[in-house]
Structure formats: C-alpha cells, structure tokens
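Scroll down for the structure; my scribbles are underneath it.
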Amino acid sequence: MALPFEVRQIPLHHRLAGEDSQFYFPLGPIAAFTPRRSCPTWVGMNAPLKAPLYNKDILRLAASIPHHQRLPDPQATVERRSPTCGSRVTADVKMADGRLADMGLDVKACALGQASAALMAAQAIGLTAQELADARDRLTAYLSGDSDDLDFWPGLAVLAPARGYPARHASIRLGFEAIAEAARMADA
C-alpha cells in the first residue's frame, strides 16, 4: 500500500538557498514529507493558492472590519483562536432587549478570517443570540459540505472559493463563533 506522502532528503545547500524553507533545519539534511497528488485525501496543502481565494473583494473586506475596536465595558467577551494557524478573534458585546446592541472586535487573522469577521460584524447588530448562533451553525455546515446554502448571510458568497481549503475553515468561522458565543453569554 502506498503512503499518502513521499519521503525525500533535502540537501543542506538547497535549504541555505531558500528552497523548501518550511523544512529548514540548521543541523544537516532532514527528511521532508510531501503529499502525493494521487492521494485521495490530498487537498493541496503545498499547492499554490488559486487566485480566487484571495481576491480583491476578500482583501477589501479584510481592510474594513466594522466595530474594529474593543468595547470599554462589555457585558461579555469571548476570544476564539484557530489551532491550525493561530488566528484570533476577540468579541466584546452588549445586549439590549435580547438583541445585540453594540459590539467591538479585535481581529488578528488571515485575510479570510478578517473578511469573514467583517461580514459578520456588518450585519450582526440587532440580531438575537439565537439568530447569531444559527448563522454560525449554517456557516459551519456550508464549509463542511453539509449544505450549499449561502443566502442566510449577506456577502458570504465571496468566501465560497475557500470551501475547498479545509485548513482555512477554522479561521473563517472565528468571527461567527466569537460573536455568537459572546451574545449567548451576555443574554443569559
């Protein structure tokens, strides 16, 4: 049975020249594992990123996150971190009459995580904790392939190219998860 990766030696002079820098180890040649393209579970971990993944719309959203300042006196604060890439979103919220009245975000994430947080923040004010949790759950279902519906939240179609990149899903969900959980805590 073939393994889903190949083992190869990276000579020291290649590493010093910058090739395969992700496998750099200063004490001599190392074995690097490269996924085989024929492996059915290979999803392009080392493949070049396709142009649609980081397009102008994603970058524009990432640069214009609404409510991108922490609240001085929130009712609840939640931080979510992606174990895959280390992206982090902290959400501060205030609820009034069972609806999100104000929020503040601190987003330290890749462009996809920032864009997703921007989309969430742009529409979240005025929604209930349950509506925010439903949006979070529907985004998770879409990314995992359990649903094809993106109409539940305005603008999410811009993130559709990222569906084929499971390593990016955790970062994309961060804003939705942090805001929904903070709203639930403040509403309790």
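The working numbering runs 53 ahead of the 1-based position in the sequence shown.
The beta-carbon is built from N, C-alpha and C at its ideal position, and this holds for glycine as well.
Environment of Gly157 [buried if 16+ CB atoms lie within 10 Å]:
buried
Across which residues does DSSP place Gly157 in a beta bridge pair?
Asp145
Whether Ile111 touches Ala164 by CB criterion (8 Å):
yes
Hey, how far is the Cα of Ala162 from the Cα of Ser169?
10 Å
Tell me which residues share the same chain as Met239 and place their Cβ nearer than 8 Å to its Cβ, disregarding the 5 neighbours each side in the sequence.
For clarity, residue 239 is Ala in the given sequence; the question names Met instead. Cβ neighbours of Ala239 beyond the five flanking positions: Pro127, Gln128, Ala129, Val146, Lys147, Met148 and Ala182.
To the nearest angstrom, how far is the alpha carbon of Pro171 from that of Ala210?
The amino acid occupying residue 171 in the given sequence is Ala; Pro does not appear at that position. Roughly 13 Å separates the two Cα atoms.
If you measure between the beta carbons of Pro214 and Pro105, is that distance less than 8 Å?
yes
To which residues does DSSP link Glu132 through a beta bridge?
Thr143
Chain-order list of residues whose beta-carbon lies under 7 Å from that of Thr193 (same chain, five-residue window excluded):
Arg226
Cα-Cα separation between Thr143 and Phe205, rounded to whole angstroms
23 Å
Tell me, to the nearest whole angstrom, how far the beta carbon of Asp155 is from that of Leu124; I am working on the premise that it is less than 8 Å.
6 Å
How is Arg237 classed by DSSP in three states: helix, strand or coil?
helix
Quickly, what does DSSP pair Arg152 with across the bridge? List them, please.
Ala149 and Thr181
Rounded Cβ spacing between Gln167 and Ala235 (contact assumed at less than 8 Å)
So it is not a contact: roughly 18 Å between Cβ atoms.
Report the option in Arg216, Leu180 and Asp201 whose CA atom is closest to the CA atom of Arg237.
Leu180
Near Ser200, what residues of its chain come up, given a Cβ to Cβ distance below 8 Å and the 5 sequence neighbours on each side ignored?
Arg191 and Ala194
Cβ shell of Met173 (< 7 Å), same chain only, five flanking positions each side left out
Gly228, Phe229 and Ile232
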